[in-house]
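A short write-up of the structure that comes next.
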Amino acid sequence: MVATFKIAVLGAQGVGKSAIVRQFLYNEFSEVCVPTTARRVYLPAVVMNGHVHDLQIMDFPPITAFPPGLTPLCPLQEWADVCCRGLRSVHAYILVYDICCFDSFEYIKTIRQQILETRVIGTSETPIIIVGNKRDLQRGRVIPRWNVSNLVKKTWKCGYIECSAKYNWHILLLFSELLKSVGCARCKHVHTTIRFQGALRRNRCTIM
Numbered sequence: 046m047v048a049t050f051k052i053a054v055l056g057a058q059g060v061g062k063s064a065i066v067r068q069f070l071y072n073e074f075s076e077v078c079v080p081t082t083a084r085r086v087y088l089p090a091v092v093m094n095g096h097v098h099d100l101q102i103m104d105f106p107p108i109t110a111f112p113p114g115l116t117p118l119c120p121l122q123e124w125a126d127v128c129c130r131g132l133r134s135v136h137a138y139i140l141v142y143d144i145c146c147f148d149s150f151e152y153i154k155t156i157r158q159q160i161l162e163t164r165v166i167g168t169s170e171t172p173i174i175i176v177g178n179k180r181d182l183q184r185g186r187v188i189p190r191w192n193v194s195n196l197v198k199k200t201w202k203c204g205y206i207e208c209s210a211k212y213n214w215h216i217l218l219l220f221s222e223l224l225k226s227v228g229c230a231r232c233k234h235v236h237t238t239i240r241f242q243g244a245l246r247r248n249r250c251t252i253m
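Each number in this note's numbering corresponds to the 1-based position in the sequence shown with 45 added.
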């Protein structure tokens, strides 16, 4: 049976999260920055442990806050905002920041904390990978790599990868590591191996 893994990609405006997704899916990059204004859903597939798995990659526009859980005051908060639909039910999160922009790191820092505070009980093991994009602009870095990596891995207990959407550097590694994290979380006592074959069915995209 084909398992579908839902992945949410979040980040502040201009960090290149959509560029990462498009580089992964289509092996293309555009110098023109087009702000994401609506949720985009992509449906590629990969091979994991010898089986084909569907992915549902949701590229979200910048959100002001992670949608809270169901409460008497806001029982349908996630569904009331079209841009946030499906955000609470994913299997993994990719939080992207620009290594040359301090504010973009503060943004994903806040979103990560809100994810931990509002996700329902029993989903605490949902993997979160922090991604520092625009590695090709290394000289403009605002926070030393070691400082970020140490904070993310040791304090936040999240995965950390730096990449360059422009030059397709570490893009496949990012999704490969993400799938390993999802596999380990869902199959604790099974050694998970991934034979990554890129994004199949690349033309499947829905704009919501």
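Note that the Cβ used here is the ideal one computed from N, Cα and C, for glycine as well.
Beta-carbon proximity list for Lys179, same chain, < 7 Å, skipping 5 on both sides: Counted from its first residue, the sequence shown places residue 179 at position 134. Here the set comprises Gly61, Asp143, Ile144, Cys145, Ser209.
Reduced DSSP secondary structure (H/G/I, E/B, other) of Leu118: Position 73 of the sequence shown, counted from the first residue, corresponds to residue 118. In this prediction, Leu118 scores a pLDDT of 47, lower than 50, which makes its location untrustworthy; no coordinate-derived value is stated.
Test item: CB-CB of Tyr138 and Ala64 under 8 Å: Taking the first residue of the sequence shown as 1, we reach residue 138 at position 93. Taking the first residue of the sequence shown as 1, we reach residue 64 at position 19. Not in contact: Tyr138 and Ala64 (Cβ atoms no closer than 8 Å).
Cβ-based burial, Leu223 [other Cβ within 10 Å; buried from 16]: What you label residue 223 is simply residue 178 of the sequence shown in a count that begins at 1. Leu223 is buried by the Cβ-count criterion.
Backbone CA spacing between Glu73 and Glu162 [nearest angstrom]: Stepping through the sequence shown from its first residue, residue 73 is reached at position 28. Stepping through the sequence shown from its first residue, residue 162 is reached at position 117. Going from the Cα of Glu73 to the Cα of Glu162 covers about 36 Å.
Close beta carbons around Trp256, own chain, < 8 Å, minus the five adjacent residues each side: Shown here, the chain extends from 46 to 253; a query on residue 256 therefore has no answer.
Span separating the alpha-carbon of Thr81 from that of Pro89: Taking the sequence shown and counting its residues from 1, one reaches residue 81 at position 36. Taking the sequence shown and counting its residues from 1, one reaches residue 89 at position 44. Those two C-alpha atoms are separated by around 20 Å.
Residues that DSSP places opposite Ile56 in a beta bridge: What you label residue 56 is simply residue 11 of the sequence shown in a count that begins at 1. A small correction: the amino acid at residue 56 is Gly; Ile does not occupy that position in the sequence shown. DSSP, once it has assigned bridges, lists Val141 as partnering Gly56.
Beta-bridge partners of Gln101, as assigned by DSSP: Here residue 101 refers to the residue found at position 56 when the sequence shown is read from its first residue. DSSP, once it has assigned bridges, lists Lys51 as partnering Gln101.
Straight-line Cα distance separating Arg130 from Phe105: Locating residue 105 in the sequence shown gives position 60, counting from the first residue. Locating residue 130 in the sequence shown gives position 85, counting from the first residue. Looking at the two C-alpha atoms, the distance is approximately 9 Å.
Identity of the residue in Val187, Ser75, Ile160, Gly185 nearest Lys211 by Cα: As a position in the sequence shown, residue 211 is number 166, starting the count at 1. Checking every option, the nearest Cα to that of Lys211 belongs to Ser75.
Cβ distance (whole Å) where Gly56 is taken to contact Val141 below 8 Å: As a working mapping, residue 56 is identified with position 11 in the sequence shown. As a working mapping, residue 141 is identified with position 96 in the sequence shown. Yes, Gly56 and Val141 are in contact; Cβ-Cβ is about 4 Å, under 8 Å.
Secondary structure, beta strand (DSSP E): runs of 3+ residues fully inside the region 179-239: Runs found: 204-207.
Beta-carbon proximity check, Gly177 vs Val193, cutoff 8 Å: To locate residue 177, count along the sequence shown from 1; it is residue 132. To locate residue 193, count along the sequence shown from 1; it is residue 148. The answer is yes: Cβ separation under 8 Å.
Spatially closest choice to Arg190 from Phe150, Tyr71, Val135, by CA coordinates: Counting from 1 along the sequence shown, the entry for residue 190 is found at position 145. Of Phe150, Tyr71, Val135, the residue nearest in Cα terms is Phe150.
Rounded Cβ spacing between Val66 and Ile108 (contact assumed at less than 8 Å): By 1-based counting over the sequence shown, the position of residue 66 is 21. By 1-based counting over the sequence shown, the position of residue 108 is 63. Their Cβ separation, rounded to whole angstroms, is 16 Å, which puts Val66 and Ile108 out of contact at 8 Å.
Expected contact under 8 Å - CB spacing of Ala110 and Gln58 to nearest Å: Taking the sequence shown and counting its residues from 1, one reaches residue 110 at position 65. Taking the sequence shown and counting its residues from 1, one reaches residue 58 at position 13. Not confirmed; about 15 Å, so no contact.
Val135 - containing alpha helix (DSSP H), residue span: Counting from one through the sequence shown, the residue named residue 135 turns up at place 90. That residue, Val135, is in no alpha helix (DSSP H); it is neither H nor E in DSSP.
8 Å Cβ cutoff met for Ile216 and Gln68: Reading the sequence shown from its first residue, position 171 is the one you call residue 216. Reading the sequence shown from its first residue, position 23 is the one you call residue 68. The Cβ atoms of Ile216 and Gln68 lie closer than 8 Å to each other.
Residues that DSSP places opposite Ile174 in a beta bridge: Locating residue 174 in the sequence shown gives position 129, counting from the first residue. DSSP output for Ile174 lists Ile139, Gly204 as bridge partner(s).
Option nearest Lys154 by Cα separation, candidates Tyr87, Val197, Cys78: In the sequence shown, residue 154 corresponds to position 109, counting from 1. With distances taken between Cα atoms, Lys154 lies closest to Val197.
Cβ neighbours of Gly185 in the same chain (closer than 6 Å, five flanking residues each side left out): Start at 1 with the first residue of the sequence shown, and residue 185 comes out as number 140. Closer than 6 Å at the Cβ level, and outside the excluded window around Gly185, lie Cys145.
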